[in-house]
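Notes for the one structure printed next.
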Amino acid sequence: MKKLYALAAVVAVALTSCVKNEIAEPAGNEIAFKNFALSENTRGDFAEVADNFECFAIYEGEDGSRRGFWKSGEKAETIKKDGNTWSNADGTYYWPKDGNLDFYAWYSPNYSQVNGKIKCSVEEAIGMTIDKITIDEAQGLLVADPAKNQTKNDVPIIFRHTTSRLGFYFANANATGRESFKLTINSIEVAGVNRYASYAYNADKHEWTATDPANKKFYTGNDVITTTKIESNTQATAQLELFPQDETVITIKYTVVDNNGFEYTGTYVINPEDTAWTAPNENNWLANNDYHYNISFNFKWVDKDGDGEKDPDEEDLEIHFEPTVEEWTVQTHTIYDERQ
8 MKKLYALAAV VAVALTSCVK NEIAEPAGNE IAFKNFALSE NTRGDFAEVA DNFECFAIYE
68 GEDGSRRGFW KSGEKAETIK KDGNTWSNAD GTYYWPKDGN LDFYAWYSPN YSQVNGKIKC
128 SVEEAIGMTI DKITIDEAQG LLVADPAKNQ TKNDVPIIFR HTTSRLGFYF ANANATGRES
188 FKLTINSIEV AGVNRYASYA YNADKHEWTA TDPANKKFYT GNDVITTTKI ESNTQATAQL
248 ELFPQDETVI TIKYTVVDNN GFEYTGTYVI NPEDTAWTAP NENNWLANND YHYNISFNFK
308 WVDKDGDGEK DPDEEDLEIH FEPTVEEWTV QTHTIYDERQ
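With positions in the sequence shown counted from 1, the corresponding number in this note's numbering is that position plus 7.
Here it is as structure tokens:
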């Protein structure tokens with residue numbers, strides 16, 4: 008199932024003070040950014056975006072010449088919230104008398120780390136680019152679809168997640184009751200992830216060119232799972248953001264302890280061929296997709312020797328894997344593994 012998680016803004020008219028601009032209209036035609044229309048599914052994730060974001064503006068004259076429109080030239084300016092309106096933090100700008108404007112917007116919670124690496128060219132074929140940032144710097148990075156050839160208000164600024172997100176959701180069907188088991192997720196390892204990548208908007212797509220695929224991404228929370236069933240409101244035990252890439256091997260390590268103190272440590276490996284995401288994902292982790300791995304553990308005793316007694320070597324695990332993906336785009340996948 009796919010859902011589009013996007014943040015939207017519009018460029019509209021607002022009445023504010025005037026600044027010097029050689030192609031400005033009279034007061035009353037100022038450029039401002041109105042309220043974000045947040046997707047219901049993203050409200051909790053991106054509260055900070057409602058306060059500020061960065062935006063490049065490129066002016067194209069009727070003769071085809073192009074230049075930076077803000078006072079800062081080809082640099083981005085901060086758009087800040089004031090009541091119900093977002094406007095340039097450093098002054099007021101007016102719609103030009105002729106020609107048009109291209110807008111390129113982005114937001115990052117890691118502004119100080121990425122600001123110098125995000126650039127915008129006056130050449131339309133190049134547009135906005137990001138030069139080799141780390142996956143840690145890319146966490147939470149949103150980039151808007153370019154809004155080109157704009158001449159008036161109601162310009163769409165649609166933000167999209169630039170990364171892929173893996174969410175791991177666990178349930179322990181035997182968390183309670185007389186024959187209860189304690190389940191602890193010790194670690195999650197994703198192999199072969201890219202550490203660095205560069206960004207460009209090509210052929211109407213947000214694209215990353217990644218390098219260093221030999222790295223690993225770890226989660227080591229040692230979380231005790233008390234949920235007995237995965238529901239729509241189940242919270243993720245771990246969420247990892249990665250650069251979009253081919254799906255790789257995931258290794259989950261866990262520990263189970265029964266109410267008699269018997270302890271079992273296990274490892275489960277999910278290979279790309281084990282999953283079947285909705286097209287066009289196939290075996291790829293795509294940008295703006297949230298891949299949910301729903302994994303349900305159901306522990307049972309198998310009387311292997313037929314003596315009617317539970318021996319230490321007869322503790323067994325029945326594991327149900329139900330990975331899913333939701334968008335940001337959401338994909339869902341189910342794996343079933345029975346051990347006995």
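Beta carbons are placed, not taken as given, at the ideal position from N, Cα and C, and that holds for glycine.
Let me check one thing: in DSSP terms, what residues is residue i bridge-paired to?
{"i": "A154", "result": "F110"}
{"i": "N215", "result": "According to the sequence shown, residue 215 is Trp rather than Asn. Y206."}
{"i": "K189", "result": "V264"}
{"i": "T136", "result": "K126, A207"}
{"i": "F175", "result": "A245, Y300"}
{"i": "F60", "result": "I86"}
{"i": "V276", "result": "T258"}
Is the beta carbon of residue i less than 8 Å from the beta carbon of residue j?
{"i": "Y261", "j": "I192", "result": "yes"}
{"i": "D275", "j": "A245", "result": "Here the sequence assigns Tyr to residue 275, which means Asp is not the residue at that position. Going by C-beta atoms, Y275 is not nearer than 8 Å to A245."}
{"i": "N266", "j": "S171", "result": "no"}
{"i": "Y114", "j": "F76", "result": "no"}
{"i": "F166", "j": "A243", "result": "no"}
{"i": "F110", "j": "A64", "result": "yes"}
{"i": "T141", "j": "E196", "result": "no"}
{"i": "G106", "j": "E67", "result": "yes"}
{"i": "A78", "j": "D58", "result": "Checking the sequence shown, residue 78 turns out to be Lys, not Ala. Cβ distance not < 8 Å, so K78 and D58 don't count as in contact."}
Starting from the Cα of residue i, find the closest Cα among the options and give me that residue.
{"i": "K224", "options": "Y208, T234, N266, D143", "result": "D143"}
{"i": "E214", "options": "D152, T85, L173, N301", "result": "D152"}
{"i": "Y222", "options": "A204, A198, T285, T234", "result": "A quick correction: the sequence has Asn, not Tyr, at residue 222. Looking at the Cα atoms, A198 is the closest of the given residues."}
{"i": "N229", "options": "A210, L249, L190, T285", "result": "L190"}
{"i": "K155", "options": "A204, N240, A112, Y206", "result": "A112"}
{"i": "A210", "options": "K82, E131, N291, S119", "result": "E131"}
{"i": "C62", "options": "K104, S72, S128", "result": "S128"}
{"i": "S194", "options": "I232, Q157, Q242, G147", "result": "I232"}
{"i": "P163", "options": "T255, L108, A96, A178", "result": "L108"}
{"i": "T235", "options": "G174, D281, D58, S303", "result": "S303"}
{"i": "Q120", "options": "K104, L148, W93", "result": "L148"}
{"i": "P220", "options": "N240, D89, I237, V256", "result": "V256"}
{"i": "N301", "options": "I38, S79, L173", "result": "L173"}
{"i": "T158", "options": "W284, S79, K104, W93", "result": "K104"}
{"i": "V264", "options": "N305, N36, K88, P116", "result": "N305"}
{"i": "S239", "options": "A178, Y206, E84", "result": "A178"}
{"i": "T218", "options": "Y118, N290, K139", "result": "K139"}
{"i": "I237", "options": "T85, V150, E84, H299", "result": "H299"}
{"i": "Y208", "options": "E84, V150, T285", "result": "V150"}
Tell me whether residue i is buried or exposed, calling it buried when 16 or more other Cβ atoms sit within 10 Å of its Cβ.
{"i": "N295", "result": "buried"}
{"i": "D70", "result": "exposed"}
{"i": "R74", "result": "exposed"}
{"i": "E345", "result": "With a pLDDT of 37 at E345, under the threshold of 50, the predicted position of this residue should be treated as unreliable, and no value is reported."}
{"i": "T169", "result": "buried"}
{"i": "N278", "result": "exposed"}
{"i": "E32", "result": "Unreliable positioning characterises E32 in this predicted model, as indicated by a pLDDT of 44, which lies under 50. The coordinate reading is nonetheless provided below. With fewer than 16 other Cβ atoms within 10 Å, it is exposed."}
{"i": "A96", "result": "exposed"}
{"i": "D297", "result": "buried"}
{"i": "T282", "result": "buried"}
{"i": "S94", "result": "buried"}
{"i": "K212", "result": "exposed"}
{"i": "E37", "result": "buried"}
{"i": "W292", "result": "buried"}
{"i": "E280", "result": "exposed"}
{"i": "E84", "result": "buried"}
- Between the stretch 117-129 and the stretch 95-103, are three or more C-beta pairs nearer than 8 Å? no
- Task: Answer yes if the stretch 128-145 comes into contact with the stretch 175-190, meaning at least three C-beta pairs across the two stretches below 8 Å, and no otherwise.
- Result: no
- Message: Three Cβ pairs or more, each shorter than 8 Å: is that satisfied between the stretch 194-210 and the stretch 248-267?
- Response: yes
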